[in-house]
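Residue numbers (this note's numbering): 4 to 245.
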């Protein structure tokens, strides 16, 4: 386990305009980040942070946006892939375009961002890539099948790139939160953790060198089940135990 300080880091956070992304920007600043590029589709929504925050327009489905962000943020040492979308669509009745939007944002677009920024981080002397996934990356639930599939794809990619990037001086961290009290889960009546708490745990986990970060009480508890009884973990999310 390689520890990595976030003090004086230059970070780029995707989906930084609200919820967990905004909390991650604040947590990084609190831990002494030198600069944070706050990326979102709507840069006007990024007002209100201090002078260390640089707004960046970034739509993960736009190759032009990704290239422009990498050309602007040439000193990044810490990439935090937080942006995602959840459609809550029935996989058998939803249109293909609706299902593919989750994959295009949560997996393909995020991979494109990683591919664009790995050379930047390497040139800066090394750093880290942090992929905010979900417990649903490890087991799906029927109402969020498309979302779970997209996060599972990114989970697998996260594992696959870890050895090669470690050899290039870049740590790779997967984050597996449970429910977070944000707009995305406004209609979810299960346990939810405040984004500020989750963000602080993520930053602490990166600093401690944890490759797998379970940043809230629900995910910490469920990680034990995932490790000891994978099928039991699957049943807990699929509803088979009910």
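Glycine is no exception: its CB is placed at the ideal position from the N, C-alpha and C atoms. Nothing here was measured: the structure is a model prediction, and the numbers come from that model.
| Asked | Found |
| --- | --- |
| Per DSSP, cross-strand counterpart(s) of residue 15 | 40, 82 |
| Residue 17 beta carbon less than 8 Å from that of residue 109 | no |
| From 170, 204, 172, residue whose alpha carbon lies closest to that of residue 135 | 204 |
| Residue 93 to residue 57 span [Cα, whole Å] | 38 Å |
| Top-ranked residue by Cα proximity to residue 1, from 222, 221, 127, 202 | A query on residue 1 cannot be resolved here, the shown segment of the chain reaching from 4 to 245 and no further. |
| Beta-ladder partner(s) of residue 196, from DSSP | 183 |
| One or two residues paired with residue 60 in a DSSP bridge | 43 |
| Whole alpha helix (DSSP H) elements within the segment 64 to 116, 4-residue minimum | 66 to 75, 99 to 106 |
| Residue 54, DSSP secondary structure in three states | coil |
| Simplified DSSP state of residue 142, which is helix, strand or coil | coil |
| Cβ contact check for the segment 116 to 123 and the segment 213 to 229: 3 or more pairs under 8 Å | no |
| DSSP-derived helix/strand/coil call for residue 23 | helix |
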